Each structure stands twice: as C-alpha cells, then as structure tokens.
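S.K.: Here it is, the structure in full.
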Amino acid sequence: MSLELVSSAKCFEGEQRVYKHRSNTLNCDMNFGVFLPAAAIEDKTACPVVFFLSGLTCTHENFIQKSGFQQHAAKHGLIVVNPDTSPRGVELSGQDDAYDFGSGAGFYVDAKQEPWSKHYHMYSYVTQELVDIVNANFPAVPGKRGIFGHSMGGHGALI
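In the numbering used here, the protein residues as written are 9 to 167.
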C-alpha cells in the first residue's frame, strides 16, 4: 500500500501528518491524519495507537484543527489516527441531497445495498484496512489500540 504525504507540521515535539492512499475497501482515494509523538519519529519507538472518529459532516481535518489533542498525545506518547468520515470523490446519485446521508455521513457502517455498497464500507475500512496501514507504516505497539469519537464518530467507536 502506497501512502502519499499530503502535509506535515511539527507540533509539541511530534508531527501532525496527513496522508492520502487508494482504498481497496472503499474503491476511492482517502485521506487520514496521524499524529506521531517524538519517540515514534526519532528512534521509531513503538507507541500505542488511538483512533478518533469524527462526527456528521466532518472530515479528517476537523479534529486536527479544532481539538488541540496533539499536546496530550505528545505528553502520553500516543500515535493518534483520524480518518475521513466517508468516501470522497465518488459520484453517487443522491449522496449530497441531505447533510445526514451520504457524503460526510458514512456512519462507520458497511452499506449492503446498491449503489452505496460499492464505496460505503466505513466499518471495514476503519477496523481492517486502516489498522493494517497503520501497523505497516508506523511504529505501533501490536494489540495496543483504542478508539473514540464524537457524535456520529461515537457511534462508530461503539460498534
């Protein structure tokens, strides 16, 4: 799996990065954020990973820009990963007709009906593909993972 670095900013002695990759699960390009504490960058020390799932109408950017989590992740040596909330760049009829259905509203579930089932597999993306990407590309402690979210992301974290 090839990752393209979209952006990187130093903060709290770590780095906040955004990556883009082609998702086989969602059949589209996806972005996700990852905060790496200093130890993970400097000497590749394995760190626990926490996934954050954003709420309705958000993207991966909301948590990065508005929460201030980086200071706390740096202090506690945590890698924090935050995916987008839904597939982007797909052209499905009706996906932008309502704010609470479709683009920005993937609800972290796997769609079972056409036309949604081709792209909307956010549960599988977060629990399988993204976990595999993180484990393959960042110094994550095997089995030391947590997940939390806000609003729709809280729902995703519970399921």
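C-beta: ideal position from N, C-alpha, C; glycine also.
Computed from a prediction, not measured in an experiment: that's the story for all the values here.
Checking 8 Å against the spacing of the C-beta atoms, do G41 and H68 come in under that value?
M.R.: To locate residue 41, count along the sequence shown from 1; it is residue 33. To locate residue 68, count along the sequence shown from 1; it is residue 60. Contact flag set, yes.
S.K.: Can you list, in chain order, the residues of its chain with a C-beta nearer than 8 Å to that of S31? Leave out the 5 residues immediately preceding and following it.
M.R.: Indexing the sequence shown from 1 puts residue 31 at position 23. Contacts found: D37, M38, P95, Y133 and E137.
S.K.: By the DSSP assignment, the alpha helix (DSSP H) with Q79 in it spans what residues?
M.R.: Taking the first residue of the sequence shown as 1, we reach residue 79 at position 71. Run containing Q79: F77 to H84, per the alpha helix (DSSP H) assignment.
S.K.: Tell me, to the nearest whole angstrom, how far the beta carbon of P56 is from that of V149; I am working on the premise that it is less than 8 Å.
M.R.: Here residue 56 is taken as the residue at index 48 of the sequence shown, counted from 1. Here residue 149 is taken as the residue at index 141 of the sequence shown, counted from 1. Indeed, because the Cβ distance is near 5 Å, the residues count as touching under 8 Å.
S.K.: Using CA coordinates, which residue listed in F146, E50 and F60 is at the minimum distance from L11?
M.R.: Here residue 11 is taken as the residue at index 3 of the sequence shown, counted from 1. When only C-alpha atoms are compared, the closest one is F146.
S.K.: Helix, strand or coil, according to DSSP, for S132 in the structure here?
M.R.: The residue given as residue 132 occupies position 124 in the sequence shown. Three-state result, S132: helix.
S.K.: Tell me which same chain residues have a C-beta within less than 6 Å of the C-beta of Q79, skipping the five on either side of it?
M.R.: By one-based count along the sequence shown, residue 79 stands at place 71. So the qualifying residues of the chain are F20.
S.K.: Please tell me whether I87 and Q24 are closer than 8 Å, where the distance is taken between their beta carbons.
M.R.: The residue labelled residue 87 in the question sits at position 79 within the sequence shown. The residue labelled residue 24 in the question sits at position 16 within the sequence shown. No, they are not a contact pair.
S.K.: Which residues bound the beta strand (DSSP E) around N90?
M.R.: Looking up residue 90 in the sequence shown gives position 82. Here the beta strand (DSSP E) through N90 covers I87 to P91.
S.K.: Nearest-angstrom Cα distance between G154 and L13?
M.R.: Residue 154 sits at position 146 when you count from the first residue of the sequence shown. Residue 13 sits at position 5 when you count from the first residue of the sequence shown. Rounded to whole angstroms, G154 to L13 spans 24 Å at the Cα level.
S.K.: Could you tell me if Q6 is buried or exposed, where buried requires 16 or more neighbouring beta carbons within 10 angstroms of its beta carbon?
M.R.: No information on residue 6 is available, as it lies outside the stretch 9 to 167 that the chain covers here.
S.K.: On the three-state DSSP scale, how would you describe A46?
M.R.: As a working note, residue 46 is residue 38 in the sequence shown. Looking at A46 - three-state DSSP - the assignment turns out to be helix.
S.K.: DSSP state of I141, grouped into three classes?
M.R.: Residue 141 sits at position 133 when you count from the first residue of the sequence shown. Helix, per DSSP.
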